[in-house]
DNA sequence: ATTAGGAACTGGTCTGACCAGGGTGAGGGA
DNA sequence: TCCCTCACCCTGGTCAGACCAGTTCCTAAT
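Chains as they are written, first to last, in this note's numbering: chain A, 121 to 380; chain B, 121 to 380.
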């Protein structure tokens, strides 16, 4: 029994570095978790499950105090663990933000110059797949509030599109699609979309630029297609959402290819 | 200047995971460190420099509160950083202990069975080198208090040696040599010695067992050699300490070899 | 010399307060 | 109608002091 306690202590000691509180608890077979361990598990599960998406704020420390009956110093110690694991970032006054944990594992290939047509076409083809899947899951999982926000963004895009520069048009378009990605509540799709749009913004902008030069304005079908995407989300039709989101990008791609 | 601030924030954000506070401060070129950063640097330097050796206790949290003018919750947050980096381990009521950070990088070769003579001779040869270097640095760096402790341990070894089992004799011998390693204040020697003695304890015990079987007691020279080591430390004579410590092990090794 | 008990010291947690930075919304002016 | 500024509220960061629970050390008794 002394040996048992020694084993227990040595095991705990071997676990002191970079192990979450919940992993320690499960390895030492504790019958129940402390409140700190419960909070640690709760936050990690929200992040890993996609319930919290990159860019979203965590509940505030004071909210977690109330919710878990912990002191703020105890909450802060748990939050520090997550921050050190790279799951969140905090800044004074600025809320704790869920991080894109994919960022440190994936370095998307160095972008070719943004105005290379062949490269732009490939970026569009990747978008077709990515946004189709995002729309599929968004139709299933978007909250009602998220659908409202997407509609508002869609309306804003329409109302403001006349007065925008090409750069602003490109940004608005990506904001719309990023909102769909986030409402998919799929942590891999959300994370990858963020990285993809950031990395290949120049190519995406170049696509829009070429298109506007050829047609002088947004091609007629684009607006209707955005609306179709939105309607498929609103009707909670995953297959339809995937179909129209993917076709929207393929349509734009094919318009572009025909400029040769 | 907005861009400057954005860069600063992005840099800080990229540093939020597994970076010590002092590294963050140096990368962001801060003119001065916060008290938490000062404490972080102070503790890391004590550990990395060997000023604190594996197994030794850190100053208590309350002592650090007084010393740095920080709140205990702030001290605890810094201590948690070190714990997560694997530099220390803490347990309720039990002090914060400096860890052997070498342990996770080095797996000494699987020990042969402890009673293999050829293997035992090699372990002794490695000891000769290791303990010579330890004595060399201990002669330079041991504190007066450490010398007193070593003398007490040496005296205890003499007084108690008659009544001890072979196992206890082996343990006492290693305790003596481990104290010398620790008083070298050389973090690599201290760390490696701990790992080495733990790993090869069976071989070291086997050496002593063989020796006692052949002679019926400690060979006459052993006691005098331990005293010579101690005297060289006390006289702060590094070359002499290295010489007698190394010769002590070689002497024992050669006695053993001649049993064939 | 050993063992047991108590005191002191340790880490862990809590309560409540205050400081400093960021975000949001409303109102006013161009 | 849009943009800018200001104020308020919410956020994270830090502090002081208290209490709980575990460990260590010292002293006294056997």
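By construction, the Cβ of each residue, glycine as well, lies at the ideal position given by its N, Cα and C atoms.
Every value quoted in this text rests on a predicted model; they were computed, and no experiment measured them.
* Hey, out of A/168, A/317 and A/154, whose CA is closest to residue 221 of chain A's CA? -> Nearest option by C-alpha distance: A/168.
* Asked: When the distance is taken between beta carbons, is residue 319 of chain B closer than 9 Å to residue 237 of chain B?
  -> For residue 237 of chain B and residue 319 of chain B, no; Cβs fall outside 9 Å.
* To do: Run down chain A in chain order and give the residues with a C-beta less than 8 Å from the C-beta of residue 196 of chain B.
  => Chain A residues near residue 196 of chain B: 193 and 197.
* Asked: Is it true that the CB of residue 211 of chain B sits closer than 9 Å to the CB of residue 356 of chain B?
  -> Not in contact: residue 356 of chain B and residue 211 of chain B (Cβ atoms no closer than 9 Å).
* Asked: Where does residue 217 of chain B sit, in a helix, a strand or coil, going by DSSP?
  -> Three-state result, residue 217 of chain B: strand.
* To do: From the DSSP output, in three-state form, read off residue 194 of chain B for me.
  => Residue 194 of chain B sits in a helix when the DSSP states are folded into three classes.
* **Contact the stretch 255-271 of chain A vs the stretch 361-377 of chain A: 3+ CB pairs below 8 Å** => Using a Cβ-Cβ distance cut-off of 8 Å, the stretch 255-271 of chain A and the stretch 361-377 of chain A are in contact, since at least three pairs of beta carbons, one from each stretch, lie closer than that value.
* Residues of chain B with a CB under 9 Å from the CB of residue 181 of chain A: which are they? -> The premise fails here: residue 181 of chain A is roughly 13 Å from chain B at the closest Cβ pair, so nothing lies under 9 Å.
* To do: With distances taken Cα to Cα, identify the nearest neighbour of residue 194 of chain B among B/154, B/351 and B/250.
  => B/154 is the residue among B/154, B/351 and B/250 whose C-alpha sits nearest the C-alpha of residue 194 of chain B.
* Asked: Rounded to a whole number of angstroms, what is the C-alpha to C-alpha distance between residue 346 of chain A and residue 277 of chain A?
  -> Cα to Cα, the separation comes out at about 10 Å.
* To do: Can you give me the Cβ contacts of residue 301 of chain B inside the same chain, cut-off strictly under 7 Å, excluding the 5 residues immediately before and after it?
  => 254, 309, 310 and 313, listed in sequence order.
* Find out if the Cβ-Cβ distance for the pair residue 216 of chain A, residue 180 of chain A is shorter than 9 Å. => Taking 9 Å as the Cβ cut-off, residue 216 of chain A and residue 180 of chain A qualify as a contacting pair.
* To do: State the DSSP-derived secondary structure class of residue 270 of chain B, mapped to helix, strand or coil.
  => Per DSSP, reduced to three states, the secondary structure at residue 270 of chain B is helical.
* So which of A/246, A/241 and A/219 has the shortest CA-CA distance to residue 228 of chain A? -> It is A/246.
* Apply the 10 Å Cβ neighbour rule to residue 272 of chain A and answer buried if 16 or more other Cβ atoms are within range, or exposed otherwise. => Result: exposed.
* Asked: Can you give the Cα-Cα distance for residue 161 of chain A and residue 202 of chain A, rounded to whole angstroms?
  -> Straight through space, the alpha carbons of residue 202 of chain A and residue 161 of chain A are spaced by roughly 10 Å.
* Asked: Looking at C-alpha atoms only, which residue of B/296, B/292 and B/288 is the closest neighbour of residue 267 of chain B?
  -> Ranking the options by Cα distance to residue 267 of chain B, first place goes to B/296.
* On a CA-only basis, which of B/205, B/187, B/207 and B/182 is nearest residue 196 of chain B? Give me that one, please. => Looking at the Cα atoms, B/182 is the closest of the given residues.
* Asked: Taking the DSSP output, what are the residues bridged to residue 208 of chain A?
  -> Paired residue(s): A/218.
* **Closer than 9 Å to chain B by CB, residue 345 of chain A** => Not an interface residue.
* Please classify residue 226 of chain A: is it buried, with 16 or more other beta-carbons within 10 angstroms of its beta-carbon, or exposed? => Per the 10 Å Cβ criterion, exposed.
* Asked: Looking at the C-beta of residue 375 of chain B, does it have a partner C-beta in chain A at a distance below 9 Å?
  -> Residue 375 of chain B does not count as touching chain A.
* Asked: What's the gap between the Cα of residue 263 of chain B and the Cα of residue 294 of chain B?
  -> Those two C-alpha atoms are separated by around 20 Å.
* Count the other CB atoms, across all protein chains shown, that sit within 10 Å of the CB of residue 205 of chain B; report buried if there are 16 or more and exposed otherwise. => Answer is buried; the Cβ neighbour count reaches 16.
* Asked: What does residue 200 of chain A touch in chain B if you count any residue whose Cβ is under 8 Å from its own?
  -> From the beta-carbon of residue 200 of chain A, the residues of chain B found nearer than 8 Å are 197, 200 and 201.
* State the start and end residues of the unbroken alpha helix (DSSP H) segment that holds residue 341 of chain A. => Per DSSP, residue 341 of chain A belongs to the alpha helix (DSSP H) from 340-354.
* To do: Assign residue 287 of chain B to one of two classes, buried (16 or more other C-beta atoms within 10 Å of its C-beta) or exposed (fewer than that).
  => Exposed is the call here.
* To do: Step through the CB atoms of chain B and report whether any lies within less than 9 Å of the CB of residue 184 of chain A.
  => It does not: the Cβ of residue 184 of chain A has no partner Cβ on chain B nearer than 9 Å.
* Asked: Does any residue of chain A bring its CB to less than 9 Å from the CB of residue 204 of chain B?
  -> The beta carbon of residue 204 of chain B falls within 9 Å of a beta carbon belonging to chain A, placing the residue at that interface.
* **Cα-Cα separation between residue 351 of chain B and residue 269 of chain B, rounded to whole angstroms** => Cα to Cα, residue 351 of chain B sits roughly 14 Å from residue 269 of chain B.
* Measuring CB to CB, does residue 323 of chain A end up less than 9 Å from residue 199 of chain A? -> No, Cβ-Cβ distance for residue 323 of chain A and residue 199 of chain A is not below 9 Å.
* Would you report the Cα separation of residue 163 of chain B and residue 191 of chain B, rounded to the nearest angstrom? -> Whole-angstrom Cα-Cα distance: 16 Å.
* To do: Just mark residue 177 of chain A as buried or exposed, buried being the case when its beta carbon has 16 or more other beta carbons within 10 Å.
  => Exposed, because fewer than 16 other Cβ atoms sit within 10 Å of the Cβ of residue 177 of chain A.
* Asked: How many Å lie between residue 275 of chain B and residue 335 of chain B at the Cα?
  -> Using only the alpha carbons, I get a separation of about 22 Å.
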